[in-house]
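Worksheet for the structure shown next.
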Amino acid sequence: NAGVTQTPKFQVLKTGQSMTLQCAQDMNHNSMYWYRQDPGMGLRLIYYSASEGTTDKGEVPNGYNVSRLNKREFSLRLESAAPSQTSVYFCASSEDGYSGNTIYFGEGSWLTVV
Amino acid sequence: AQSVTQLDSQVPVFEEAPVELRCNYSSSVSVYLFWYVQYPNQGLQLLLKYLSGSTLVKGINGFEAEFNKSQTSFHLRKPSVHISDTAEYFCAVTLSGGSYIPTFGRGTSLIVHP
Numbered sequence: 274n275a276g277v278t279q280t281p282k283f284q285v286l287k288t289g290q291s292m293t294l295q296c297a298q299d300m301n302h303n304s305m306y307w308y309r310q311d312p313g314m315g316l317r318l319i320y321y322s323a324s325e326g327t328t329d330k331g332e333v334p335n336g337y338n339v340s341r342l343n344k345r346e347f348s349l350r351l352e353s354a355a356p357s358q359t360s361v362y363f364c365a366s367s368e369d370g371y372s373g374n375t376i377y378f379g380e381g382s383w384l385t386v387v
Numbered sequence: 008a009q010s011v012t013q014l015d016s017q018v019p020v021f022e023e024a025p026v027e028l029r030c031n032y033s034s035s036v037s038v039y040l041f042w043y044v045q046y047p048n049q050g051l052q053l054l055l056k057y058l059s060g061s062t063l064v065k066g067i068n069g070f071e072a073e074f075n076k077s078q079t080s081f082h083l084r085k086p087s088v089h090i091s092d093t094a095e096y097f098c099a100v101t102l103s104g105g106s107y108i109p110t111f112g113r114g115t116s117l118i119v120h121p
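Protein chains in written order, with the working numbering: chain A, 274 to 387; chain B, 8 to 121.
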């Protein structure tokens, strides 16, 4: 099983450029998430999707947009990249809205904005 | 709202020594508790979780954690560490019967020296 797959793994952007991070899961999960990880800050939730057709803001949504394309796919878009968005981005999924569920993570996307 | 504090940002230890990674949480309602591990350049994966029942929880790779409600703690332990345990460890909490979005601690870097 592939689990959660995200692309690209590495990307360098210039300030003001746009890009989309793609994520797909093959576990038939309802809930999907985008996190960013910065040194000393732990994981911070950007957006999440409780189920197909719904999306909600997390802790740090500014500068990002998301699309839940279908049950499998959840993309994250940076419309006008800024150096402050240099980070490691993780897509994740869980079965549903039960708070005891395990969250499954992708391997991360390293984004540098220059 | 719930919060998680990981008391040590970095824990250096020699191979075959015991280790304890500390996690405290705050919440006014019942919680579920998780430990995730992140190996270098990878995503997070579940080590163990406490949902109910025995307060001593055993996880993968010889790790265990004890839920202490009176001290609001969920410390992670391993009696003898290996070089391959070098990783970042994250404690996380959700509200039982409430929000399923976990709150993560800032992480503890376990560095195992030969």
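For glycine and all other residues, C-beta sits at the position ideal for the given N, C-alpha and C.
Can you list the residues of chain A that residue i reaches, using a CB-CB cut of under 7 Å?
i	result
I118(B)	Per Cβ cutoff of 7 Å: no residues; I118(B) is ~15 Å from chain A at best.
G112(B)	G315
G60(B)	Residues of chain A passing the Cβ test: none, with the nearest at roughly 12 Å.
Chain A partners of residue i, CB-CB under 8 Å?
i	result
S103(B)	S372, G373
S3(B)	No information on residue 3(B) is available, as it lies outside the stretch 8 to 121 that chain B covers here.
Y39(B)	S372, G373
F97(B)	G315, L316
K56(B)	G373, T375
What are the partner residues of residue i, as DSSP defines its beta bridges?
i	result
R317(A)	R309(A)
V11(B)	Y32(B)
Q290(A)	None, per the DSSP bridge assignment.
N75(B)	S80(B)
In this structure, how does DSSP classify residue i when only helix, strand and coil are distinguished?
i	result
N68(B)	helix
L299(A)	Reading off the sequence, residue 299(A) comes out as Asp, not Leu. Note: D299(A) maps to coil in three-state DSSP.
D92(B)	helix
S116(B)	strand
Q279(A)	strand
Q17(B)	strand
S357(A)	helix
In chain B, which residues lie less than 7 Å from residue i when you measure between Cβ atoms?
i	result
I376(A)	P109
Taking 7 Å as the limit between beta carbons, can you name the residues of its chain near residue i, skipping five residues before and five after?
i	result
T280(A)	Q295
F378(A)	V277, F363, A365
L351(A)	S291, M292, G336, Y337, Q358
Using C-beta distances below 6 Å, list every residue in its chain close to residue i, excluding the 5 sequence neighbours before and after it, in chain order.
i	result
D329(A)	Y321
N374(A)	S367, E368
Going along the chain, which residues of its own chain have a beta-carbon closer than 8 Å to the beta-carbon of residue i, five neighbours each way excluded?
i	result
G241(A)	A question about residue 241(A) goes unanswered here, because the residues of chain A that appear run from 274 up to 387.
S348(A)	T293, L294, Q295, C296, V339, S340, L342
R317(A)	Y308, R309, Q310, D311, G331, E332, V333
T327(A)	R341
Under 9 Å Cβ-Cβ, which residues of chain B neighbour residue i?
i	result
F363(A)	G50, L51
For the structure I just gave you, are there three or more beta carbon pairs, one from the stretch 287-305 of chain A and one from the stretch 83-96 of chain B, closer than 8 Å? The stretch 287-305 of chain A, when compared against the stretch 83-96 of chain B, does not touch it at the 8 Å Cβ threshold.
Is the stretch 10-21 of chain B in contact with the stretch 336-348 of chain A, if contact means three or more CB pairs nearer than 8 Å? Taking a cut-off of 8 Å for Cβ pairs, the stretch 10-21 of chain B and the stretch 336-348 of chain A do not touch, as fewer than three such pairs fall below it.
Is there contact here, the stretch 352-362 of chain A with the stretch 298-312 of chain A, by at least three beta-carbon pairs under 8 Å? Taking one beta carbon from each stretch, the stretch 352-362 of chain A and the stretch 298-312 of chain A have 3 or more pairs nearer than 8 Å; the two touch.
Inspect the CB distances between the stretch 30-47 of chain B and the stretch 75-83 of chain B and report whether three or more fall short of 8 Å. Three or more Cβ pairs drawn from the stretch 30-47 of chain B and the stretch 75-83 of chain B lie within less than 8 Å of each other, which places the two stretches in contact.
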